[in-house]
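S.K.:
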Amino acid sequence: MSTTSVPEVVAPPVRIGWAAIGALGVLALALGTLQSVVEPALPLLQRELGVSAAEGALIGNALLVTGAVVTPVAGKLGDRYGGKRVLVRLMAVVSVGGLMASLAPGLPVLLFGQVLQGVMVGALPLSFILVRKHLTAGESQAAIGLVVALFTGGGMVGMLFAGPISEGLSWQWMFGLPTIAVIVATSAVARLVPHDPPVRSDHGIDWPGTVLLSGTLLVFMLGLVTVTRDGGMPPLAVGAVALVVAALATGWVVVERRAASPMVDLRVLAQSAVWRACVLTFVISASTGMVLLLLPQMFAAPADGYGFGASTTDIGLFLLPGAVAGVLSDSVGGIAARRFGPRAVVVVGAVVAAATMTALASLHSAQWQLVLAKVLIAFAAGLGTTALLAGTATAIKTEDIGITTSLLVVTRVIGVALGAQVAGAILDAGSEPVTGLPAESAFVAGFVVSGLVAASALLFVRTREKGVQA
Numbered sequence: 000m001s002t003t004s005v006p007e008v009v010a011p012p013v014r015i016g017w018a019a020i021g022a023l024g025v026l027a028l029a030l031g032t033l034q035s036v037v038e039p040a041l042p043l044l045q046r047e048l049g050v051s052a053a054e055g056a057l058i059g060n061a062l063l064v065t066g067a068v069v070t071p072v073a074g075k076l077g078d079r080y081g082g083k084r085v086l087v088r089l090m091a092v093v094s095v096g097g098l099m100a101s102l103a104p105g106l107p108v109l110l111f112g113q114v115l116q117g118v119m120v121g122a123l124p125l126s127f128i129l130v131r132k133h134l135t136a137g138e139s140q141a142a143i144g145l146v147v148a149l150f151t152g153g154g155m156v157g158m159l160f161a162g163p164i165s166e167g168l169s170w171q172w173m174f175g176l177p178t179i180a181v182i183v184a185t186s187a188v189a190r191l192v193p194h195d196p197p198v199r200s201d202h203g204i205d206w207p208g209t210v211l212l213s214g215t216l217l218v219f220m221l222g223l224v225t226v227t228r229d230g231g232m233p234p235l236a237v238g239a240v241a242l243v244v245a246a247l248a249t250g251w252v253v254v255e256r257r258a259a260s261p262m263v264d265l266r267v268l269a270q271s272a273v274w275r276a277c278v279l280t281f282v283i284s285a286s287t288g289m290v291l292l293l294l295p296q297m298f299a300a301p302a303d304g305y306g307f308g309a310s311t312t313d314i315g316l317f318l319l320p321g322a323v324a325g326v327l328s329d330s331v332g333g334i335a336a337r338r339f340g341p342r343a344v345v346v347v348g349a350v351v352a353a354a355t356m357t358a359l360a361s362l363h364s365a366q367w368q369l370v371l372a373k374v375l376i377a378f379a380a381g382l383g384t385t386a387l388l389a390g391t392a393t394a395i396k397t398e399d400i401g402i403t404t405s406l407l408v409v410t411r412v413i414g415v416a417l418g419a420q421v422a423g424a425i426l427d428a429g430s431e432p433v434t435g436l437p438a439e440s441a442f443v444a445g446f447v448v449s450g451l452v453a454a455s456a457l458l459f460v461r462t463r464e465k466g467v468q469a
């Protein structure tokens with residue numbers, strides 16, 4: 000009996016029309032809206048749920064951490080089983096999470112809903128897989144730009160309408176309405192977008208590495224929020240959590256070094272240009288994460304003191320210019336890196352961010368000061384992190400660009416999450432015994448610490464430059 004194999008005939012991919020691309024874009028818009036409703040509504044959620052600032056920060060961080068873990072996994076599953084197939088199933092998980100959040104009676108159910116919603120971050124690479132497989136290079140670039148723009152635009156929609164929806168209906172509806180839009184858009188994607196052929200691989204998916212990395216991040220965040228709650232944790236418990244995180248991280252490194260097709264190639268991570276860029280991205284993102292939590296809290300603080308008594312709607316409007324600035328900086332960062340070099344761009348961004356955060360410690364008596372500060376910080380941080388992303392992508396081998404940029408995205412997400420938790424801990428530590436509200440000195444301390452963290456990026460820039468020269 001002959002064992003000669005017959006070559007498999009693969010049919011060319013079916014082209015998709017603009018209706019299908021529009022469905023992907025509407026889905027991105029709905030996801031961006033669902034992702035962003037928490038930020039302007041954090042003070043309201045804290046009041047309604049009776050939770051502290053640190054626990055409030057966890058509501059947004061649960062989504063960020065899940066997204067960081069799921070995104071590379073979603074991309075690999077999309078290559079293996081088809082982008083459309085994985086996208087539709089991923090959106091089913093997001094829909095369940097959104098419905099849970101919209102029906103949540105308290106913090107635990109809301110947090111679990113946010114964890115499920117966090118898989119939405121994986122929708123972007125899956126959408127990119129679909130347009131690349133079904134369109135020409137030029138058409139796919141235009142389609143990818145449309146999807147990204149609508150996802151970012153959804154973030155602005157969420158900031159604008161979180162307040163009116165939560166105040167006019169209830170805070171549950173600010174999760175419910177975008178979730179309904181996600182369900183409708185997913186149905187359109189399932190109907191209009193053709194199935195894409197999977198990519199065969201000789202190696203299986205690195206599930207042990209995926210599980211260990213996920214466990215490391217989740218235990219780390221759980222330990223962080225427990226430490227920063229009122230009363231904190233005993234020193235022995237803190238040490239136990241640190242040991243568990245270290246054990247999981249060590250196990251992950253061992254598994255990745257032995258895996259035939261690791262989730263993260265540690266040889267790429269060990270390159271000087273890569274790990275130093277990760278450190279800089281983490282520092283910039285952590286300082287920005289602190290401000291992301293501090294500013295809405297100060298806007299919402301009672302107007303009879305240092306605050307402004309702003310409603311959720313007002314907070315969304317105050318934060319909107321900063322969101323626009325962040326979008327613009329993402330588009331300018333790559334161009335600036337090519338023209339002036341990543342180092343110069345990061346230096347300018349770090350100086351602007353550190354100066355603005357430090358100035359906030361003494362200049363926060365008017366609303367326009369906070370709005371302007373948010374614009375400057377968002378633009379500076381976006382400029383720096385995007386320049387690092389573009390500079391690193393051009394400094395490594397072409398076959399390593401995907402995993403390297405994924406590492407930087409994950410680092411950025413975790414930096415923001417950690418910064419927000421630290422800021423929440425500072426506010427909790429500086430709360431007035433009688434009212435339970437943070438004192439003005441707590442905000443001052445938070446702004447000073449965030450400024451020092453941003454300024455420390457200048458030290459890492461100098462170290463990175465020496466390493467590159469060497």
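Using numbering that gives the first Met the number 0, read the sequence shown as starting at 0 and increasing by one per residue.
Ideal Cβ positions, reconstructed from N, Cα and C, are used throughout, including at glycine.
The model shown is predicted, which means the values in this text are computed figures rather than measured ones.
What does DSSP give as the partner residue(s) for P437 in the beta ladder?
M.R.: According to DSSP, P437 bridges with S430.
S.K.: Closest by CA to F160, which one among P39, V72, V408, P261?
M.R.: P39
S.K.: So for G340, helix, strand or coil by DSSP?
M.R.: Correct three-state label for G340: coil.
S.K.: Would you call the segment 372 to 392 and the segment 343 to 357 in contact, with 3 or more CB pairs under 8 angstroms?
M.R.: yes
S.K.: Taking its Cβ as the centre, do 16 or more other Cβ atoms sit within 10 Å of H194, making it buried, or is it exposed?
M.R.: exposed
S.K.: What is the DSSP secondary structure of G450, reduced to helix, strand or coil?
M.R.: helix
S.K.: Mapping DSSP to helix, strand and coil, what is Q113?
M.R.: Helix, per DSSP.
S.K.: What distance in whole Å lies between the Cβ atoms of L387 and G417, which are believed to be in contact at a cut-off of 8 angstroms?
M.R.: Note on residue identity: the sequence assigns Leu, not Gly, to residue 417. That belief does not hold up - the Cβ atoms of L417 and L387 are roughly 18 angstroms apart, past 8 angstroms.
S.K.: Starting from the C-beta of L362, find all residues in its chain whose C-beta is less than 6 angstroms away, skip the five residues before and the five after it, and write them out in chain order.
M.R.: Q368
S.K.: Is the distance from the Cβ of G157 to the Cβ of V36 below 8 angstroms?
M.R.: yes
S.K.: Alpha carbon to alpha carbon, how far is A236 from F219?
M.R.: Looking at the two C-alpha atoms, the distance is approximately 13 angstroms.
S.K.: With 16 as the cutoff for other CB atoms within 10 Å, does F281 come out buried or exposed?
M.R.: Its Cβ being crowded by 16 or more others within 10 Å, F281 is buried.
S.K.: Are there 16 or more other CB atoms within 10 angstroms of the CB of R411, so buried, or fewer, so exposed?
M.R.: buried
S.K.: Use the C-beta contact count for V433: other C-beta atoms within 10 angstroms, 16 or more gives buried, fewer gives exposed.
M.R.: exposed
S.K.: Identify, in the order they occur along the chain, each residue of the same chain with its Cβ nearer than 6 angstroms to the Cβ of M119, setting aside the five sequence neighbours on each side.
M.R.: L30, V93
S.K.: For G253, is the classification buried or exposed, using 16 other Cβ atoms within 10 angstroms of its Cβ as the cut-off for buried?
M.R.: In the sequence under discussion, the amino acid at residue 253 is Val, which differs from the Gly named in the question. Counting Cβ neighbours within 10 Å, V253 comes out exposed, since fewer than 16 surround it.
S.K.: Would you kindly check if the distance between the Cβ of W251 and the Cβ of L527 is under 8 angstroms?
M.R.: Within the shown structure, residues of the chain are numbered from 0 to 469, placing residue 527 beyond reach of any answer.
S.K.: Suppose contacts are defined by Cβ-Cβ distances below 8 angstroms. Is L383 in contact with G348 by that definition?
M.R.: It is Gly, not Leu, that sits at residue 383 in the sequence shown. In contact: G383 and G348 (Cβ atoms closer than 8 angstroms).
S.K.: When the distance is taken between beta carbons, is T32 closer than 8 angstroms to E166?
M.R.: no
S.K.: Suppose contacts are defined by Cβ-Cβ distances below 8 angstroms. Is L149 in contact with A27 by that definition?
M.R.: yes
S.K.: Between V409, F442, I413, which has its C-alpha nearest A424's C-alpha?
M.R.: F442
S.K.: With DSSP run on the structure shown, which of helix, strand or coil describes A272?
M.R.: helix
S.K.: Between the beta-carbon of G117 and the beta-carbon of G66, is there less than 8 angstroms?
M.R.: yes
S.K.: Whole angstroms are fine: how far does the CA of G414 sit from the CA of A122?
M.R.: 21 angstroms
S.K.: Between V181 and M90, which are expected to be in contact by the criterion C-beta below 8 angstroms, what is the C-beta distance as a whole number of angstroms?
M.R.: 6 angstroms
S.K.: Quick check: what's the CA-CA separation for P163 versus W170?
M.R.: 10 angstroms
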